[in-house]
Amino acid sequence: MRSEGSEEVLNERSQHLLKLLVEHYIRDGQPVGSRTLARDMGMQLSAATIRNVMADLEELGFVTSPHTSAGRIPTDKGYRFFVDTLLKFEPLEEEKVAEIQAQLGQHPDDPKALINVASKLLSTVTMLAGVVTLPRQSHASLSQIEFLPLSDNRVLAILVVNGREVQNRILQLERTYSAEELRRASNYLNREFAGKELKQVREHLLTQLKETRESLNQVMLDAIRLAQQVVNVPSNEGQMEYVIAGETNLMGFAELSNVEKLKRLFEAFTQQRDILHLLDQSLRADGVQIFIGQESGYTILDDCSVVTAPYTLDKEVVGVLGV
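Taking this note's numbering, I'd label the letters of the sequence shown as residues 778 to 1100.
Shown next as structure tokens:
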């Protein structure tokens, strides 16, 4: 082990021991002692020799010793060296790929159910927390809209977006509409706006009410008023939501053994804001992104690493999955 400038160069033995330590810690989540590493190496090195190497690695900042344990754990620097230099990527076995595809294929027409399955699969395969964002609708277009009368002044609006996603919204109106009035309104809207992006529909409705209100007949006015209530309701258009599974898997790691740390992390999962910002960075990046410790830029994730990758729909990036 030697230093050249500001970059430490580890010899082969040190790299091998660091690799074993990181792999052992990722697998078990507990500090790794010299005797454990000696057993992993088949006693090729004595525990005393390994302790000396560990001391050097600690001095260089690749590992650290928790106060409550004689073993060591990787630092952010150690993880980064492992990822950039020591990690060997291997493709999943064909049998495992087929099993995953079979589970994902159970919900071809239900995006939310598919996302739920995907997050659980990530959690099961990695024994960590799996995160998958819902497909982002950056170009949500109106396919069809229907209105059904409910009790009092309420109407059920059924909105079909992008030809496959169905959204149901209950509207509270100022007056009661008959089934025939609602049918005429939906016919007008489908004729005028089917195939247009929701953003365009909103703009067009506003323009019609402002500029051509006097020339509109009652059917058109009713349709526009109803449609405005539907398309102006906040949705996940242009935004992201995510589904997370396996949060309790994180409880076995030494860095998160503090109850307050876990509480703050679980609160972040619930509030979603910081996690979504990080996932949004991954959405705009190419390929797999690995954020180790403080690299994420969010204090709540200082004791975690996040691995993400974008996924596509019809060759367009629409979401992110990660652990």
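Yeah, the Cβ is synthetic: ideal placement off N, Cα and C, and Gly gets one too.
- Q880 sits in a helix when the DSSP states are folded into three classes.
- Rounded to whole angstroms, the separation of the alpha carbons of I892 and R790 is 43 Å.
- In terms of Cβ geometry, N939 and S918 form a close pair [threshold 8 Å].
- From the listed residues R1041, R931, L1098, A906, the smallest Cα separation to L1003 is found for R931.
- For the pair T841 and E835, the CB atoms are nearer than the 8 Å cut-off.
- Sequence-distant partners of D929 (beyond 5 residues in either direction) whose C-beta falls short of 8 Å from its own C-beta, in its chain, are T953.
- Secondary structure note for L795: its alpha helix (DSSP H) is the uninterrupted segment 789-805.
- Restricting attention to E1093, T1085, I1067, L1090, the CA atom closest to the CA of F859 is found in I1067.
- A direct Cα-Cα distance of roughly 15 Å separates V1084 from D1051.
- Look at the beta carbons and you see the region 1073-1090 touching the region 1055-1064: at least three pairs across the two are nearer than 8 Å.
- Around the Cβ of L1078, a 10 Å sphere holds 16 or more other Cβ atoms; the residue is buried.
- By the Cβ test, the region 804-813 is in contact with the region 849-857, since at least three Cβ pairs between them sit closer than 8 Å.
- For S920, the enclosing beta strand (DSSP E) stretches over residues 919-926.
- A straight line joining the alpha-carbon of K796 with that of R941 spans about 47 Å.
- Taken atom to atom, the span from the alpha-carbon of I1069 to that of D853 is near 6 Å.
- Going by beta carbons, Q1049 and Y1075 fall outside the 8 Å limit.
- Counting only runs that start and end inside the region 803-839, there is no beta strand (DSSP E) element of at least 3 residues.
- S823 counts as exposed, since fewer than 16 other C-beta atoms from the protein chains shown sit within 10 angstroms of its C-beta.
- Considering only A956, K1038, L794, the residue with the shortest C-alpha distance to F924 is A956.
- Beta-carbon to beta-carbon, L881 and V902 are separated by about 12 Å, too far to satisfy the 8 Å threshold.
- Residue burial annotation: G1064 is exposed, with fewer than 16 other C-beta atoms found within 10 angstroms of its C-beta.
- Rounded to the nearest whole angstrom, the CA to CA distance from E872 to F970 is 46 Å.
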